[in-house]
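What follows is a set of notes on a single structure, which appears directly below.
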Ligand SMILES: *Cc1c(COP(=O)(O)O)cnc(C)c1O
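Residue numbers (my numbering): 1304 to 1731.
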């Protein structure tokens, strides 16, 4: 469910015509719907309501814009962060330290200190070595760091190999079979307060089955850890629930179905449950608004060249991701086309042989479901300006990240005054 709708023949975000945003801000531009984010957060909260005080910690990496985090913080969500930068963003946007969990594969001393200073609900640790470092850092600060290990349950989940994290060969967490020994090794270390266990098996999951299998393994582990004398009071079940990208594919499980499964499997664990949804909250709350530059003939189908490119929306190039592409003012005419950006890479292809709205040069198009892992991964490759972001709430809208123009990119470079060119080459 989202709030991008046709109104008088033109696509709107809530009450704002996308053409109005394009005219004022230019294209390409990301546009986010407050109502959609809030609706998804509320749906998950309702689904988890039977649980005792669950912590829903929004996975900041999905969309780290401060206005997005602030919107979700105001509706009571915490944050799951994977870097010191994300920790700082979450705190600056109003998330209290007591609602932040710190995940991430290679936490540094500086990041540990930052979170201990600012407040943290739990560090999800990835190895005994990381636990030993955190112990030293926390002890030196006279602090006690609340921790759990992220365990790898050897359950592969995820819509693509590059977003699968719970298979045995993935880099994340400690093997679930080694967990009891790992907790034993760190239990007596100073500066650590063992309180939990964490799992996250992958992203864009379209079935509950791998999640249920992983959660059952975590439930068994909690029993073993308690039997070994560890006081496990928190279970972080991660994120990963998929969202619909393609209306012709079967829809992923709903938050209600997910919540019912969680309550059935984990409701009686006697732990506080933590959730780390990212895509579920923001995926369908954003579009990338772009303009067709021109249409040129192709060997089979024409190429629609748009002013957005792989640097703005990397998911198709990185994960073979499929985004629905629609005209902002559809005429009803359809045709089969390839949709590409202007970047000098063949990977800069958004759609191949796609049956879609017919567009001509100058028409506005949107890439749907571009609220998650989209602007977050954008770059300035090919010296393209960094794409701006707009947040809509009802009939109000604001630029929440301005475009970073080419002048600013050039001004960011430094040319040392000793540059002499290449020896032996003519200087002119
Ligand atoms: C990326 C990530 C998430 C969020 O995943 P989604 O698929 O966006 O819900 C949650 N937890 C951890 C540890 C992550 O790395």
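Just so it is clear, CB atoms sit at the ideal spot from N, CA and C, and this is done for glycine as well.
Item                                                                                                                                                                 : Value
Cβ of residue 1579 within 7 Å of any heavy atom in ligand 1?                                                                                                         : yes
Take residue 1565 as the anchor and find which of 1622, 1548, 1515 has the nearest alpha-carbon.                                                                     : 1515
State the Cα-Cα distance for the pair residue 1715 and residue 1623, rounded to the nearest angstrom.                                                                : 32 Å
Based on DSSP bridge pairs, tell me the residues matched to residue 1641.                                                                                            : 1606
Do residue 1670 and residue 1643 have their C-beta atoms closer together than 8 Å?                                                                                   : no
Does the structure place the segment 1360-1370 close enough to the segment 1565-1584 that three or more beta carbon pairs sit under 8 Å?                             : yes
Could you tell me the boundaries of the beta strand (DSSP E) in which residue 1703 lies?                                                                             : 1699-1704
What number of angstroms, rounded off, separates the C-alpha of residue 1465 from the C-alpha of residue 1364?                                                       : 15 Å
Is there at least one non-hydrogen atom of ligand 1 closer than 7 Å to the beta-carbon of residue 1458?                                                              : no
Looking only at its own chain, which residues have a Cβ that is under 6 Å from the Cβ of residue 1692, when we skip the five neighbours before and after it?         : 1333, 1368, 1678, 1703, 1704
If residue 1656 and residue 1604 are in contact, beta carbons under 8 Å, what's the gap, nearest whole angstrom?                                                     : 6 Å
Please classify residue 1727: does DSSP put it in a helix, a strand, or coil?                                                                                        : coil
Starting from the N-terminal side, write out each stretch of the alpha helix (DSSP H) that is 4 residues or longer and does not extend beyond the segment 1453-1538. : 1482-1489, 1512-1530
Please report the distance separating the alpha-carbon of residue 1399 from that of residue 1710.                                                                    : 37 Å
Three or more beta-carbon pairs under 8 Å between the segment 1422-1431 and the segment 1405-1414, yes or no?                                                        : yes
Below 7 Å, is the gap between the Cβ of residue 1384 and the nearest heavy atom of ligand 1?                                                                         : no
Going by DSSP, name the residue or residues bridged to residue 1573.                                                                                                 : Paired residue(s): none; residue 1573 is not in a bridge.
Going by DSSP in three states, residue 1322 sits in which element: helix, strand or coil?                                                                            : helix
Which of the three DSSP states, helix, strand or coil, is assigned to residue 1335?                                                                                  : strand
Check whether the segment 1379-1388 touches the segment 1594-1601, taking contact to mean three or more Cβ pairs, one atom from each stretch, closer than 8 Å.       : no
Could you check whether the Cβ of residue 1573 sits closer than 7 Å to any heavy atom belonging to ligand 1?                                                         : no
If we ignore side chains and look at the alpha-carbon of each, how far apart do residue 1501 and residue 1482 end up?                                                : 11 Å
What is the DSSP secondary structure of residue 1378, counted as helix, strand or coil?                                                                              : coil
Indicate, with yes or no, if ligand 1 has a heavy atom lying under 7 Å from the CB of residue 1344.                                                                  : no
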